[in-house]
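Heads up: the structure comes next, in structure tokens.
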Amino acid sequence: GEQVEQLPSSLIVQEGASVLINCSYTDSASVYFPWYKQEPGKRLQFIIDIRSNMERKQTQRLTLLFDKKTKHLSLHITATQPGDSAIYFCSASMETNYNVLYFGSGTKLTVEP
Amino acid sequence: NAGVIQTPRHKVTGKGQEATLWCEPISGHSAVFWYRQTIVQGLEFLTYFRNQAPIDDSGMPKERFSAQMPNQSHSTLKIQSTQPQDSAVYLCASSLPDRGYAEQFFGPGTRLTVL
Chain A
82 GEQVEQLPSS LIVQEGASVL INCSYTDSAS VYFPWYKQEP GKRLQFIIDI
132 RSNMERKQTQ RLTLLFDKKT KHLSLHITAT QPGDSAIYFC SASMETNYNV
182 LYFGSGTKLT VEP
Chain B
261 NAGVIQTPRH KVTGKGQEAT LWCEPISGHS AVFWYRQTIV QGLEFLTYFR
311 NQAPIDDSGM PKERFSAQMP NQSHSTLKIQ STQPQDSAVY LCASSLPDRG
361 YAEQFFGPGT RLTVL
């Protein structure tokens, strides 16, 4: 089955810094890549997604880059705030069953004021 | 809108007992998903339903685990003869009527502890 890996597993930054979270997957049949975040004590929440026919997607302070050749994604968060502190999860799904999400192990981001 | 509702929020069972977890999807959502979250294994897909029909249970352990969706307003995940390794947070999610790639809305989870 699909294997999704995320790096780093955790990072700590000062408020205002930019961060980069990397994600890689193994199965070339994966076509859809939603990202979710989980704030302490709160539910998993969708934040951004990208499909395999795109290279880049941006929403507010989030930019998601996708490289189909290398099977790699990266999430860039700019101007971080303490409220961005959460665990960020990359996921992948396949065209044959795009509702089934395979999640990475998560990246714990801590933004210090 | 309360979102996806899961009950109970916490459940403690003894080894060998049965546990039933409940999920109420967001009204109007036709797809319901179950996931399991542990520190070691992370977030694992278990099973999902669309319009109450089971679509994919490829993540379900072959023994002791079963899921049902008897009506559009709730789904259950049943674990028979619970074992300590079943201890996890079980997450339910739902998504809008099937029109392509759809955001999944997650519930708060049920934390199952098997002693």
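Chains A and B are the protein sequences, given in the same order. Here this note's numbering = 1-based position in the first sequence + 81. Here this note's numbering = 1-based position in the second sequence + 260. By construction, the Cβ of each residue, glycine as well, lies at the ideal position given by its N, Cα and C atoms.
For this session: Please report how far the alpha carbon of residue 154 of chain A lies from the alpha carbon of residue 362 of chain B, in whole angstroms.
Result: Take the alpha-carbon of residue 154 of chain A and the one of residue 362 of chain B: they are about 20 Å apart.
Exercise. Chain B partners of residue 132 of chain A, CB-CB under 8 Å?
Worked result: Proximity of chain B to residue 132 of chain A at the Cβ level (cut-off 8 Å) is accounted for by 361, in chain order.
Exercise. Does any residue of chain B bring its CB to less than 8 Å from the CB of residue 169 of chain A?
Worked result: No, its Cβ sits nowhere closer than 8 Å to a Cβ of chain B.
For this session: Could you pull out every residue in the same chain whose Cβ sits closer than 7 Å to the Cβ of residue 268 of chain B, ignoring the five residues on either side in sequence?
Result: Once the five neighbours on either side are set aside, the close Cβ partners of residue 268 of chain B are 370.
Exercise. Who are the near neighbours of residue 276 of chain B in its chain, counting only those whose CB is closer than 6 Å to its CB and skipping five residues on each side?
Worked result: Excluding positions up to five away in sequence, the list reads 341.
Exercise. Under a Cβ-count criterion, where at least 16 other Cβ atoms within 10 Å of its own Cβ denotes burial, should residue 329 of chain B be classed as buried or exposed?
Worked result: Residue 329 of chain B should be labelled buried.
For this session: Anything in chain B within Cβ reach of residue 178 of chain A, meaning under 7 Å, just list it in chain order.
Result: Residues of chain B whose Cβ lies closer than 7 Å to the Cβ of residue 178 of chain A are, in chain order, 316.
For this session: Closer than 7 Å by beta-carbon distance: list the chain A residues that pair up with residue 368 of chain B, in chain order.
Result: For residue 368 of chain B, the neighbours in chain A by C-beta distance under 7 Å run, in chain order, 124.
Exercise. Is the stretch 277-288 of chain B in contact with the stretch 182-191 of chain A, if contact means three or more CB pairs nearer than 8 Å?
Worked result: Cβ pair count under 8 Å is below three, so no.
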